[in-house]
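Colleague: Just so we're aligned, residue 8 is where the sequence shown starts under the working numbering, counting upward by one.
Quick reminder that beta carbons are idealized off the backbone N, C-alpha and C, glycines included.
Below is a structure I'd like to ask you about.
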Amino acid sequence: MKQILGIVGSARRLGNSEIMVKAIFRHIDQPCELLLLRLTDFQIESCRGCYQCLFKDGQCVIHDDHQLVLDAIAAADALILAAPTYFLGVHSCLKRFLDRGLTVYGSVDRLWGKPAVGVTIAGIPGMEGNALLGIDSFLKLMLTDVRQTQIVYGALPGEIFLNDKNIGIAKSLADSLFGPAVAKPGPCCPLCGGDTFRFLGGDQVRCMVCSNTGTIGTDHGSLVMDIRPTDHQLFLTRDDVSNHRDWLIGMKDRFKTMRDRLKPITLDYRKVGRWIKPPDKTSAPESEKE
Ligand SMILES: Cc1cc2nc3c(=O)[nH]c(=O)nc-3n(C[C@H](O)[C@H](O)[C@H](O)COP(=O)(O)O)c2cc1C
8 MKQILGIVGS ARRLGNSEIM VKAIFRHIDQ PCELLLLRLT DFQIESCRGC YQCLFKDGQC
68 VIHDDHQLVL DAIAAADALI LAAPTYFLGV HSCLKRFLDR GLTVYGSVDR LWGKPAVGVT
128 IAGIPGMEGN ALLGIDSFLK LMLTDVRQTQ IVYGALPGEI FLNDKNIGIA KSLADSLFGP
188 AVAKPGPCCP LCGGDTFRFL GGDQVRCMVC SNTGTIGTDH GSLVMDIRPT DHQLFLTRDD
248 VSNHRDWLIG MKDRFKTMRD RLKPITLDYR KVGRWIKPPD KTSAPESEKE
């Protein structure tokens with residue numbers, strides 16, 4: 008029997024994200040087991056940016072719950088993700104987890120290509136900001152095969168299912184998890200399916216999910232994106248993953264060769280400003296002392 012991991016990115020018990028995950032699961036028409044993981048229950052510290060995990064098979068120097076969550080994702084056959092929109096973006100628990108994402112390079116074989124669907128719940132129609140991008144990025148950077156992602160509106164716990172349309176969305180997400188993928192309705196990135204773009208001037212656009220760049224134009228009155236692969240695309244193939252990993256690893260040697268030029272630049276800023284510290288960290292690290 009397939010094991011599905013439902014990731015709930017909200018602390019609200021029986022809130023809209025939780026019931027959406029469960030509703031999608033209920034509509035799956037094959038025997039499956041649902042394991043649930045509320046991301047806010049797990050202690051996940053901020054990434055320290057030390058890059059050590061790249062050189063240690065994905066093992067992070069911070070010993071918290073991050074590995075446990077990554078292992079749960081790796082062990083699943085498929086993912087259902089739902090998280091609320093908070094202040095025009097997806098709930099920060101997703102980003103906090105994602106920031107530790109250099110660890111995925113140690114688990115590519117375990118992670119690559121799992122079918123996944125995702126939803127963000129926004130309280131006010133039109134006020135979802137960039138939350139769907141947060142859902143798309145999370146699933147993409149967990150190296151899943153993103154089958155469909157959606158925005159659903161509803162503020163009060165349970166309110167999403169006062170609207171029958173959202174029951175239909177839950178069913179459609181369930182169908183696409185192990186069936187045909189469903190593209191977003193508007194113009195999408197032809198490479199990754201993302202629908203969030205940065206307009207770079209003229210007809211130039213960049214996809215905010217896969218980071219590829221191209222042009223926007225019209226064809227018989229419809230918007231058309233012509234997006235071409237670049238060196239650092241995230242992540243259309245497994246080769247993209249290993250290329251990016253190798254590039255990151257190569258940065259160590261680049262740093263060594265450039266250290267003498269870089270150090271005077273940073274040291275020049277050492278004594279600028281006075282740090283405000285939290286109460287338990289009153290003594291400044293040596294590097295910041297006058
Ligand atoms: C701190 C906070 C910020 C929010 N920001 C937004 C927002 O920017 N846009 C929006 O449409 N809804 C916003 N909401 C509403 C939630 O997205 C909405 O209530 C959602 O159903 C919550 O999902 P949950 O029940 O899974 O927690 C916010 C809610 C909270 C608590």
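(1) Can you tell me whether K107 is buried or exposed, with buried defined as 16 or more other CB within 10 angstroms of its CB?
(2) Does DSSP classify C57 as helix, strand or coil?
(3) Select from A90, N250 and R45 the residue whose C-alpha is nearest the C-alpha of G161.
(4) On a Cα-Cα basis, can you pick out the residue from Q240, I223 and T92 that is closest to V231?
(5) Taking just the CA atoms, how far does R266 sit from I158?
(6) Should H135 be counted as a contact of ligand 1 given a C-beta to heavy atom distance under 7 angstroms?
(7) Any heavy atom of ligand 1 inside 7 angstroms of the beta-carbon of E40?
(8) How far does the beta strand (DSSP E) with F204 in it extend, from its first residue to its last?
(9) Given a cut-off of 8 angstroms, decide if L146 and A129 are closer than it, judged by their beta-carbon atoms.
(10) Kindly examine ligand 1 and report whether one of its heavy atoms sits closer than 7 angstroms to the Cβ of I174.
(11) Whole angstroms are fine: how far does the CA of L139 sit from the CA of R221?
(12) Could you spell out the range, first to last residue, of the beta strand (DSSP E) harbouring A81?
(13) May I have the straight-line CA-CA distance separating H251 from L169, to the nearest angstrom?
(14) Tell me, which residues are paired with I14 by DSSP?
(15) DSSP state of C67, grouped into three classes?
(16) Please list, in chain order, all residues of the same chain as L77 whose beta carbon is under 7 angstroms from its beta carbon, the five residues on each side excluded.
(17) Any contact between the stretch 44-53 and the stretch 235-248? By contact I mean 3 or more CB pairs, one from each, below 8 angstroms.
Modeller: Reading off the structure:
(1) It should be pointed out that residue 107 corresponds to Arg in this sequence rather than to Lys. By the Cβ neighbour-count rule, R107 is buried, with 16 or more other Cβ atoms within 10 Å of its own.
(2) Three-state result, C57: coil.
(3) The shortest Cα separation from G161 among A90, N250 and R45 belongs to A90.
(4) Of the residues Q240, I223 and T92, the one whose Cα lies closest to the Cα of V231 is I223.
(5) Taking the straight line from one Cα to the other gives about 46 angstroms.
(6) According to the sequence provided, residue 135 is Glu. The question's His does not apply to it. Result yes, Cβ under 7 angstroms from ligand 1.
(7) No, since every heavy atom of ligand 1 falls outside the 7 angstroms radius drawn around the Cβ of E40.
(8) Element bounds for F204: F204 to G208.
(9) No. Outside cutoff.
(10) No, the Cβ of I174 stays beyond 7 angstroms of every heavy atom of ligand 1.
(11) Reading off the sequence shown, one finds Gly at residue 221, where the question assumed Arg. Cα to Cα, G221 sits roughly 21 angstroms from L139.
(12) Premise fails: A81 lies in the alpha helix (DSSP H), H73 to A82, not in any beta strand (DSSP E).
(13) A direct Cα-to-Cα measurement between H251 and L169 gives close to 45 angstroms.
(14) I14 is bridged to L44 and L88.
(15) In this structure, C67 counts as coil in the three-state DSSP scheme.
(16) Around L77, the same chain offers T110 and S114 as residues with beta carbons nearer than 7 angstroms, after the five sequence neighbours per side are excluded.
(17) Between the stretch 44-53 and the stretch 235-248 there are fewer than three C-beta pairs closer than 8 angstroms, too few to call the two in contact.
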